[in-house]
Amino acid sequence: MNDHGVAHGFTSVDTQPRPAEWVQVLDRLSAEPFYAAYKQRLQEFLHAEPGGLFLEVGAGTGDAAVALRSRCGAEVVAVDSSLTMIAQARDRGLPRAAVADGHRLPFAAGQFDGAWADRVLQHVVEPARVLDELLRVVRPGGRVALADPDYDTQVLDIDDQELARRVLRFRADVGLRNGSLAHRHAGLLAARGIHDITVEARTLVVRDPSAADNVMGLRTWAHTAADRGYLDPVDADRFVGQFDDAVRAGRFTYAVTFFLTAGTLPLSD
12 MNDHGVAHGF TSVDTQPRPA EWVQVLDRLS AEPFYAAYKQ RLQEFLHAEP
62 GGLFLEVGAG TGDAAVALRS RCGAEVVAVD SSLTMIAQAR DRGLPRAAVA
112 DGHRLPFAAG QFDGAWADRV LQHVVEPARV LDELLRVVRP GGRVALADPD
162 YDTQVLDIDD QELARRVLRF RADVGLRNGS LAHRHAGLLA ARGIHDITVE
212 ARTLVVRDPS AADNVMGLRT WAHTAADRGY LDPVDADRFV GQFDDAVRAG
262 RFTYAVTFFL TAGTLPLSD
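Numbered per my numbering, the sequence shown finishes at 280, counting up by one with no gaps.
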């Protein structure tokens with residue numbers, strides 16, 4: 012069986028049984044210091060100034076777009092594929108927010124001074140096309156910034172490391188459409204003539220098992236893999252047991268590295 016490319020819930024929020032729960036997931040993540048810090052750093056890559064016009068693709072609730080506008084005095088347009096998320100963005104003070112598909116952005120070429128996509132390319136059907144659209148709508152000399160976790164970098168401390176790797180491999184290869192793309196963002200930009208490329212790696216280290224379970228659902232990954240035929244149900248049960256053993260022993264550790272990548276579009280001839 013190979014169902015690589017199965018959509019994650021964030022790709023279809025509006026059709027989920029309880030769309031508001033996905034808003035709550037984003038709010039919990041935004042409250043975590045790690046996420047707040049890397050998001051601010053990603054926006055620093057944009058070199059935003061007062062009066063500039065910037066675009067966030069896959070903006071979710073719009074909190075990051077509002078933060079950039081407040082911090083830099085720039086105008087921000089936010090788009091997301093979910094009406095639920097865009098309604099939240101408008102309610103939170105972002106009037107220039109619209110439902111749009113990142114594969115086909117409804118903007119003229121060169122309209123923005125910069126654009127960014129945060130934890131978006133991991134989910135989309137055609138990441139190269141979304142990247143091309145980001146670059147199309149940014150003016151020559153403007154900036155583009157990307158961030159995603161790279162699930163090839165995952166580690167988890169349970170007794171059976173081979174079992175841990177099998178479950179984490181499922182997450183990287185099947186649980187997300189492009190779960191191991193982030194370390195290639197710089198190469199994708201370079202291939203498109205982008206220069207001044209900057210890459211920073213930031214590792215999320217999770218020691219609180221409730222954070223991993225309630226936000227990431229890590230404890231459920233093995234049974235999800237079993238449900239899809241990638242893991243024996245007995246091994247899924249064993250994974251959960253070892254997960255709980257690690258928690259009780261105070262040794263629980265999970266980590267994954269995020270790559271923050273940015274660059275400058277070439278000036279016109």
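By construction, the Cβ of each residue, glycine as well, lies at the ideal position given by its N, Cα and C atoms.
Own chain residues within Cβ distance below 7 Å of residue i, not counting five before or after
i, result
"R218", "F263, T264"
"E137", "H114"
"I97", "D91, A108, A109, V110"
"G152", "T275, L276, L278"
First and last residue of the uninterrupted alpha helix (DSSP H) at residue i
i, result
"H196", "196-202"
"F3", "The requested residue 3 is not part of the displayed model; the chain covers only 12 to 280."
"A75", "74-83"
"H234", "232-238"
"E55", "44-55"
"A98", "94-102"
Close-in-space but distant-in-sequence residues of the same chain around residue i (CB under 8 Å, 5 per side omitted)
i, result
"Y49", "A158, R213, F269, L271"
"R203", "L142, D143, L146"
"A47", "S41"
"D243", "A237"
Where the beta strand (DSSP E) through residue i begins and ends
i, result
"A128", "123-129"
"A273", "265-275"
"A109", "108-110"
"L64", "64-68"
"T208", "Inspection of the sequence shows that residue 208 is occupied by Ile rather than by Thr. From DSSP, the beta strand (DSSP E) with I208 extends over 206-217."
"V90", "86-91"
Check whether residue i and residue j have beta carbons under 8 Å apart
i, j, result
"L215", "F56", "no"
"R8", "W232", "What is shown of the chain runs 12 to 280, which leaves residue 8 out entirely."
"Q165", "V88", "no"
"F254", "R239", "no"
"V77", "R101", "no"
"A273", "T209", "yes"
Close-in-space but distant-in-sequence residues of the same chain around residue i (CB under 6 Å, 5 per side omitted)
i, result
"H194", "D161, F270"
"A128", "V68, G69, L157"
"R140", "H114"
"A175", "L167, I169"
"R80", "V87"
"P220", "V258, F263"
"G121", "R150"
Alpha-carbon spacing of residue i relative to residue j, whole angstroms
i, j, result
"A126", "E86", "12 Å"
"T235", "L278", "47 Å"
"S191", "R259", "31 Å"
"P61", "C83", "6 Å"
"E173", "H196", "29 Å"
"L53", "P106", "22 Å"
"A119", "V148", "6 Å"
"D38", "Q51", "16 Å"
"V155", "R177", "35 Å"
"L167", "Q35", "25 Å"
"Y241", "R150", "45 Å"
"D112", "G261", "44 Å"
"Q133", "L200", "16 Å"
"H58", "F123", "13 Å"
"D171", "T72", "39 Å"
"R249", "H206", "48 Å"
"F65", "L116", "14 Å"
"V2", "M227", "The structure shown does not extend to residue 2, since the chain is modelled only from 12 to 280, so the question has no answer here."
"E211", "E32", "31 Å"
"P131", "A75", "Note on identity: in this sequence residue 131 is Val, with Pro being the wrong assignment. About 14 Å."
Query raised in the report: Could you give the uninterrupted runs of the alpha helix (DSSP H) lying entirely in the region 137-190, keeping only those of 4 residues or more?
Result: 138-147, 172-181
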